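Scroll down for the structure; my scribbles are underneath it.
Protein chains: 2
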Amino acid sequence: MVGPERNRLDRLQQTLRRRKIDGLLVSQPHNRRYLSGYTAPDHGIQETAGFLLVPASGRPTLLTDSRFTLQAEAEAPLFDIITTTRGLLKSLEKQCRTLDLKTLAFESDYFLHAAYLRLEKMAKSRGLVLKAESGMVEKMRAIKDERELELLRRSTALNEKVFQSVYQTIEPGMSEREIALALELTMREMGAEGPSFDTIVAFGTNAARPHAVPTDRVLQPGELVLMDMGLIHNGYCSDMTRTFVAGKPDQTFIDRHRAVRGAMLAGINAIRPGITGAEVDRAARQVLTEAGYGTAFGHGLGHGVGIAVHEDPRLSPRGTKQLQAGMVVTVEPGLYLADWGGIRLENMVIVTEEGAEVINRDTTCLDL
Amino acid sequence: MVGPERNRLDRLQQTLRRRKIDGLLVSQPHNRRYLSGYTAPDHGIQETAGFLLVPASGRPTLLTDSRFTLQAEAEAPLFDIITTTRGLLKSLEKQCRTLDLKTLAFESDYFLHAAYLRLEKMAKSRGLVLKAESGMVEKMRAIKDERELELLRRSTALNEKVFQSVYQTIEPGMSEREIALALELTMREMGAEGPSFDTIVAFGTNAARPHAVPTDRVLQPGELVLMDMGLIHNGYCSDMTRTFVAGKPDQTFIDRHRAVRGAMLAGINAIRPGITGAEVDRAARQVLTEAGYGTAFGHGLGHGVGIAVHEDPRLSPRGTKQLQAGMVVTVEPGLYLADWGGIRLENMVIVTEEGAEVINRDTTCLDL
C-alpha cells in the first residue's frame, strides 16, 4: 500500500528546490506525522520523539532515539531511520555532512531558543547557512486530500455518536465534571484515541466563559448546558459545540439560540474558495450584531481542523488569507453574557469548489 | 495561609540581584506554577496560559489573557495580574517600561525561536538587554522541601493503590488498551488529576519497546506484562513500573527479572549526596552488564520527579551533576530483547543526608 506521504514529500521537495533550500529540519510533531506517517507524539517540546531531515532531493531521514526506533521503522518506510546515541544534534550534523547541505531551514514556530543556540553553533562550525522558516508544512496541511476528508468525516461521526449517547443521560443533579468525564470515557470506549482538547461542559452562567473548565457545579432544572467536545480518531480531530436546556427552554433562550444559529448559517453560506477568513467572520458577526449581540461575541469565528485541532486557516477579523477548496474549518459563533450564560454552536465545514459542505449530521436542539 | 511561593520568590530575587539581572520572564509552565501557585497548563508551547515577570526587587506580575484572569487572580495572590488585550508581548513591553528594566532574562529552554525573534525586536527598540537563561528555576525545583516530599509520597501511594486495584483484575483475554484505560479511569475515580504521562501497558514482545504505546493485542496465558504508570495528585507526579507474568513465570523470566531487580537495588544503594548521576547509572548498569544484558539496557537509569514527571536531575551516563539531599529520582533499569520482550522495574527515591529513602511500598512480583 502506498500512503499519502510519498506525494507530500514530493511536493515539499519541489518547494525546497524552488526556494533554493537544501534541506528542511521538521520538529513540529503534526508536521512530522503528516510527512512521514510516524505517529509518536512529543511529551512536550522539551522531549521530542525525533526530527525529520528532508533534503531538497533524495531520500529523507528520521532522527530519533532508541526508545522509538522500532516504531519509526514500522511507520515511516519512506525514511532512513537514524538512531542517535549522542544526541539528535550530533546525528543531524553528521547527516548534514553526508548530504553535503549548504543551507538548512528549521521550523521557527516549533523550535526552542536553546536548541537554536546549539544548532547555530554547529552550523557556524560547518559553514552551514540556517533559515528560520514558518508555516511551510502547515500550509500544505491546510488543504486536505480525499482520504483526509474521509477521516475527518469519520472522526466527526464518532464524536456525534459519543455526544448523542451521553446527551440522552443528562439530567438535573449531574455535575459538569461528571458529564465531561462520561464524554471522555465514552470516546475511549467507542474507539477514539482520546479527546482532541479538554472537553468543555458548562452550566448556566459558567457558560459565559468561552473556555470554561468543568467544575463540580450541579445542573438545575431549566439551566442551559454548553458542551464543546472533540476526539481523535485515526489521527484526525473533530470539534463540535451544542448548547441546550435541561428541560423546556424559555423564550429568551430560544431567541438567543436562533441568533447564534443564524450566525452559524450565515458563516457557512459565506464560505467558498477565494473568500478571506475575515469576510466569513464578518458575515456571521453581522447577524449577531443585528440581533443586538455584537459585543457579546468576543472570539474569532473558527479555525482549521486536521491532524491538529487548531490549525490553518483562521476565520477571524484578522484572517487575511483566502480560503481554498479542501480546507476544513469550524464555524462556531457564540454569545456570552456574564449574568446569564452563553450559547455557542459549532459545526465543521469542508470548503468545496462550489461552496461549503457541512460535515456534521447531528441536529440536537437545532430545531428551536 | 502563607504558601511556599513567598520563599521561592525571595530566593529567586536574591539570585537575580546577585547576577545583576533586572528581571526574569518565566514561560515554562511548571516554573510558573512553582513560583506563583497559578495552575493553568499550556495547551502546548504554542498556546501559553501566560508569563511571569519577576523583577529583581518588588512585586512580580503575571501576564495572561481574559480566559485566565479569574483563575490567575484566585491562585496567585503574590502577583499583580495583567490581562493582555493586544498580545503578551505588548503587555510585557509596557511592564518592562513601568519597571524600568535594563536587562531581561528569559527561559531559553522553553521559549520558541519565533517568539524570541519578536522579543529581540522589541528589546532592540527599547535598549533592553536580553539574556538567554537556562535552568534557574529548574535548579530550585530539583530540591524538594518537606511539604513537597509529602506530596510526592501521597502521589506515589495513590498510584500504587490504583496499580494494585487494576492488577487484581488482569487476566488473559484483556487487551493492552483495555488495561491502560482501566488504569487511567481508576486514577480519576480515586481522585487523581490525571495520568502524569501516557500509561504504558505492553505484553510479550511489545515490551521490547521502552516507550510502547498500548495496542489491541490480547494477553495470552504465560505472557509477560510491563506496566509503567504515574499520576498527578495535588500537582505532584508519581512514576512506577512493574513487570510480571500472567500465570507462572518460567526460569528465563525469573532470571532476567532478578537481573533487573539487582540493577535497581545497586542503583538505589549507590544514591547519596555528592555522587553524580553517571556514577549511580554505572552502578546499576554494571549489574546488567555482568548478567550479560549490558547492551539490552539502552536508556538512562532515571530522572527527577516533582511538579513535572521528568525534571532535574538525570541519572544517565551523561549525568555529571552531583546529587543533593532533597532530590527525588526514579531508578528504572530495564532490559529489552526484540524477539522476547522487556522487563523494567521502577521505584521513586528521595536522596537523604544518609543515602536514599525509597518512596514506594508496593512489592508486587518483587519476590521472584
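Chains D and R are the protein sequences, given in the same order.
Using our numbering, the first residue of the first sequence is number 934, and each one after it goes up by one.
Using our numbering, the first residue of the second sequence is number 934, and each one after it goes up by one.
From the three backbone atoms N, C-alpha and C, an ideal C-beta is built for every residue, glycine too.
It should be emphasised that the depicted structure is a prediction, and the values quoted were computed from it without experimental measurement.
Check	Outcome
Range covered by the alpha helix (DSSP H) that runs through K1057/R	1046-1059
Cβ pair count under 8 Å reaching 3, the region 1247-1262 of chain R against the region 1277-1294 of chain R	yes
One or two residues paired with S1108/D in a DSSP bridge	V1151/D
is_contact[A1258/D, chain R] using C-beta, thresh 8 Å	no
Chain R residues whose Cβ lies nearer than 8 Å to that of Y1043/D	I978, Q979, L1045
G1068/R versus V1158/R, P1182/R, L942/R, F1039/R, residue with shortest Cα-Cα distance	F1039/R
Classification of L989/R by the beta-carbon crowding that lies within 10 angstroms, buried from 16 upward	Before going on, a small fix: residue 989/R reads as Ala here, not Leu. Under this definition A989/R is a buried residue.
Rounded distance between the beta-carbons of Y1100/R and H1046/D, thought under 8 Å	Incorrect: roughly 44 Å between the Cβ atoms, too far for contact.
Assigned secondary structure, Q1257/D (DSSP; H/G/I helix, E/B strand, else coil)	coil
M1160/D - DSSP class collapsed to helix/strand/coil	strand
Per-residue burial, G1060/D [other beta carbons within 10 Å of its own, 16 or more giving buried]	exposed
Residues near Y1269/R by beta carbon distance below 7 Å, same chain, minus five either side	A1141, P1143, A1229, G1231, G1275
Residue from V1134/D, D1078/D, G970/D with nearest C-alpha to M1162/D	V1134/D
Own chain, CB closer than 8 Å to R1121/D, minus 5 neighbours either side, in chain order	G1127
Residues of the region 1222-1238 of chain R whose Cβ lies closer than 9 Å to any Cβ of chain D, in chain order	G1231, H1232
Three-way DSSP call (helix, strand, coil) for V1238/D in this model	coil
Selected residue, minimal CA-CA separation from L1022/D, among D998/D, E1006/D, D1013/D, Y1043/D	D998/D
Cβ-based neighbour list, V959/D, same chain, cut-off 7 Å, excluding 5 preceding and 5 following	R965, L968, F984, L985, V987, E1040, V1070
Pairwise C-alpha distance: S1129/D and T1176/D	19 Å
The region 1077-1093 of chain D touching the region 1171-1188 of chain D, judged by at least three CB pairs closer than 8 Å	yes
Within 8 Å, strictly: CB atoms of L1164/D and V1095/D	yes
Residue of R1247/D, G1020/D, A1145/D minimising C-alpha distance to V1158/D	A1145/D
Contact with chain D by F1136/R, beta-carbon distance below 8 Å	no
Partners in chain R for S1067/D, counting only beta-carbon separations shorter than 9 Å	A1047
Burial state of K1199/D, where buried means 16 or more other Cβ atoms lie within 10 Å	The residue you asked about is not Lys; residue 1199/D is Ala in the sequence shown. Buried, because 16 or more other Cβ atoms sit within 10 Å of the Cβ of A1199/D.
N-terminal and C-terminal residue of the beta strand (DSSP E) that T1036/D is part of	1036-1040
For A989/R, three-class secondary structure by DSSP	coil
Three-state class that DSSP yields for D1013/D in the structure shown	strand
Where T994/D falls: helix, strand or coil (DSSP)	strand
Separation of E1212/R from K1077/R, as counted between CA atoms	22 Å
K1057/D versus S1058/R: straight-line alpha-carbon distance, rounded	27 Å
Buried or exposed (CB count within 10 angstroms, at least 16 for buried), I1187/D	exposed
For G977/D and G1288/R, the rounded distance between their alpha carbons	32 Å
For V1193/R and P1246/R, believed in contact at Cβ under 8 Å, the rounded distance	Not confirmed; about 22 Å, so no contact.
Three-way DSSP call (helix, strand, coil) for C1170/D in this model	strand
Beta-carbon proximity check, Q979/R vs D975/D, cutoff 8 Å	no
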